[in-house]
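Okay, so the sequence shown: first residue is 797 according to this note's numbering, each after it adds one.
Worksheet: one structure, shown below.
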Amino acid sequence: MPNSENLPSSAVAFPPAAEVLFDQLADAVYLIDPESSRIVWGNRKAWESLGLSREDVLDHSVLSLQMDVHGLPQWSEIATAIRSTDCFRFIGRHRHQQGYELAVEVNTTHFELDGRSYFLSVARDITRRVAQEDSTPRREKQLWFALNEATDGLWDWDVATGVLFFSPQLKRMLGYGPDEMAPVLETWSDNVHPEDAPGVMAVLQEHLQGRRTRYEAEYRIRNRNGHYIWVHDRGRVCEYGPDGQPLRAVGMVQDISTRKQMELQLQALASSDMLTGLANRYQGTTFLKSQTELCQRLGLPLGLAFLDIDNFKAINDVYGHLTGDRVLQEVGRAVKGAVRGADLVCRWGGEEFIVIAPNTTAEQMALVAEKVRLAVLNELTGQEPPVTISVGVAASSGRAIDSNALMARADSALYRAKDKGRNRVELAPEE
797 MPNSENLPSS AVAFPPAAEV LFDQLADAVY LIDPESSRIV WGNRKAWESL GLSREDVLDH
857 SVLSLQMDVH GLPQWSEIAT AIRSTDCFRF IGRHRHQQGY ELAVEVNTTH FELDGRSYFL
917 SVARDITRRV AQEDSTPRRE KQLWFALNEA TDGLWDWDVA TGVLFFSPQL KRMLGYGPDE
977 MAPVLETWSD NVHPEDAPGV MAVLQEHLQG RRTRYEAEYR IRNRNGHYIW VHDRGRVCEY
1037 GPDGQPLRAV GMVQDISTRK QMELQLQALA SSDMLTGLAN RYQGTTFLKS QTELCQRLGL
1097 PLGLAFLDID NFKAINDVYG HLTGDRVLQE VGRAVKGAVR GADLVCRWGG EEFIVIAPNT
1157 TAEQMALVAE KVRLAVLNEL TGQEPPVTIS VGVAASSGRA IDSNALMARA DSALYRAKDK
1217 GRNRVELAPE E
């Protein structure tokens, strides 16, 4: 177990046997304070590779050793990315004591020990490999972007030739092996979801033409298994030709499927009635507005039914609110099961429901309403308490549909149904 006796307050020590083991490693190992980025421990390779002593390395931090991290705000973004994954991998440059730089591949994990959080970074010197891969500045631009964007997958696009480099991390994200994914633009563009592709390509072209400072888009892309995942993709042109045309662009891709799923769940909660699972009043109002505009434009009729559970207050008073809630749920299910696929059932409030039916005449809406009334009567018959509904129906047609007037007519028809003894459907007079 680490201990900190006779060491600076920021330092951490390990038992001698553990120190010996760590010192045999060919890679540099650093223990880092996540908040300040300070080095609290390093193995022999860590301090020797930087031209420092064991004690000197404890006077440094990621900010002083990593040439591409500038200030605590940027470090805070990187730390957040590290905490969000099991192993955060990036390419960077370490600053040697003698002034030159070392290209390093760094794998960082996070853990807690004795109630305190740490980052454990293993850095491998890849200076020779980088030099062999490419002696031009393009890799430096790529590496700089990889670190500073602090996201998941890297791409590097030769705009002139169409060659597109996919990093190993990006391939893993999409379920591919290291030797899969042909390095061409079509490998990416052909797998963008057809609904998203036009918008994504438009944003990319605007950036290439200089009308956007960067390319950034959220879209769905097909993985190796044929499933679509949501990604956040961003990048920029990093190299231009003498004529000002883009030559090379680099960028990063982040898997945001989990966030998108949460957004969809929140959206569903915001538009659904918690008790019945039907559309709530907000969604009903929005749907009615959109269908009013559509039917006006196309000259189609629009039908609407107002439903009310008969004697619902008495049900609550006699049988209690739990029974009242059960009745609301059962009525909601019965109504939804009786309407057509294009119709929307909405809990309007309390014991009131509405059915919005596009391209439906008054006579057709009356038939739908009667089917709904019978569904509630048949499915809830023989129960305690007995449950029936009253329904008011109205419809508008032509190009002058007024949704407020339509609802008022259906509401008036509902009250006529109640006045005539309940458990019936009443059709509003024609406009």
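Even glycine gets a Cβ: it sits at the ideal position worked out from N, Cα and C.
This structure is a prediction, so every number in the text was calculated from the model and none was measured.
query                                                                                                                                                                  : result
Let's see if you can read the secondary structure: which residues bound the beta strand (DSSP E) around residue 903?                                                   : 897-909
What does the alpha-carbon distance come out to for the pair residue 1108 and residue 1226?                                                                            : 30 Å
Which value, in whole angstroms, describes the spacing of the CA atoms of residue 822 and residue 1045?                                                                : 34 Å
Rounded to a whole number of angstroms, what is the C-alpha to C-alpha distance between residue 1210 and residue 1137?                                                 : 24 Å
May I ask you to report which of helix, strand or coil DSSP gives residue 1048?                                                                                        : strand
With a cut-off of 8 Å on the beta carbons, I'd call residue 1101 and residue 978 a contact; round off their distance for me.                                           : Wrong, their Cβ atoms sit about 56 Å apart, outside the cutoff.
Below 7 Å between beta carbons: does that hold for residue 754 and residue 1135?                                                                                       : Absent from the structure is residue 754, since the part of the chain shown begins at 797 and ends at 1227.
Whole angstroms is fine: what's the gap from residue 1013's alpha carbon to residue 1051's?                                                                            : 12 Å
Is it true that the segment 1065-1082 meets the segment 1016-1026, where meeting means three or more beta-carbon pairs spaced less than 8 Å apart?                     : no
Using 10 angstroms around the beta-carbon of residue 860, count the other beta-carbons present and answer buried if the total reaches 16, otherwise exposed.           : exposed
Let's test the definition: count the other Cβ atoms within 10 Å of the Cβ of residue 919 and tell me whether it reaches 16, buried, or not, exposed.                   : buried
Look up residue 991 in the DSSP assignment and say whether it is helix, strand or coil.                                                                                : coil
Kindly identify the DSSP beta-bridge partner or partners of residue 862.                                                                                               : 890
So what does DSSP say about residue 946, is it helix, strand or coil?                                                                                                  : In this prediction, residue 946 scores a pLDDT of 44, lower than 50, which makes its location untrustworthy; the coordinate-derived value is nonetheless stated afterwards. In the structure shown, residue 946 sits in coil (DSSP, three-state: anything other than H, G, I, E or B).
Helix or strand or just coil, what does DSSP make of residue 804?                                                                                                      : Confidence in residue 804 is poor, its pLDDT being 43 and thus under 50, which makes the residue's placement unreliable; the coordinate value appears in the next sentence. It is coil, neither helix nor strand.
Look up residue 914 in the DSSP assignment and give the residues it is bridged to.                                                                                     : 907
Excluding the 5 residues flanking residue 847 on each side, which residues of the same chain have their C-beta closer than 6 Å to its C-beta?                          : 892, 893 and 894
Given a cut-off of 7 Å, decide if residue 862 and residue 888 are closer than it, judged by their beta-carbon atoms.                                                   : yes
Spell out a yes or no on whether the segment 896-912 and the segment 985-998 are touching, meaning 3 or more CB-CB pairs, one atom from each, closer than 8 Å.         : no
Quick one: grab the DSSP three-state call for residue 1114.                                                                                                            : helix
Which residue's Cα is closest to the Cα of residue 952: 1029, 834 and 884?                                                                                             : 1029
With three or more beta-carbon pairs closer than 8 Å as the criterion, would you say the segment 967-982 touches the segment 995-1010?                                 : no
Taking the beta carbon of residue 864 as the centre, do at least 16 other beta carbons fall within 10 Å, making it buried, or is it exposed?                           : buried
Less than 6 Å separating the Cβ of residue 1091 from some heavy atom of the ligand SAM?                                                                                : Among the components modelled here there is no ligand, and therefore nothing to report on the ligand SAM.
Can you tell me which of 904, 1184 and 882 puts its alpha carbon nearest to the alpha carbon of residue 1236?                                                          : Residue 1236 is absent from the model: the chain starts at 797 and stops at 1227.
Which two residues bound the contiguous beta strand (DSSP E) that contains residue 964?                                                                                : Not the beta strand (DSSP E): residue 964 falls in the alpha helix (DSSP H), residues 964-969.
Quick one: what does DSSP say residue 1059 is sitting in, helix, strand or coil?                                                                                       : helix
Taking residue 835 as the reference, give the member of 876, 858 and 885 with the closest Cα.                                                                          : 858
How would you write the range of the alpha helix (DSSP H) that residue 922 sits in, first residue to last?                                                             : Unbroken run through residue 922: none, as it is neither H nor E.
Cβ atoms of residue 897 and residue 922: under 7 Å apart, would you say?                                                                                               : no
Can you find the residues in the same chain that come closer than 6 Å, C-beta to C-beta, to residue 945, ignoring five residues on each side of it along the sequence? : Residue placement at residue 945 cannot be trusted, given a pLDDT of 47 that sits under 50; the coordinates are not used to answer.
Where does residue 855 sit, in a helix, a strand or coil, going by DSSP?                                                                                               : helix
Along the chain, where does the alpha helix (DSSP H) that runs through residue 1185 open and close?                                                                    : Counting along the chain, residue 1185 falls outside any alpha helix (DSSP H), though it belongs to the beta strand (DSSP E) covering 1185-1192.
Is there contact here, the segment 1184-1194 with the segment 1154-1163, by at least three beta-carbon pairs under 8 Å?                                                : yes
When burial is assigned at 16 or more other CB atoms within 10 Å of the CB, is residue 1079 buried or exposed?                                                         : buried
Among 890, 1081 and 1174, which has the Cα closest to the Cα of residue 1202?                                                                                          : 1081
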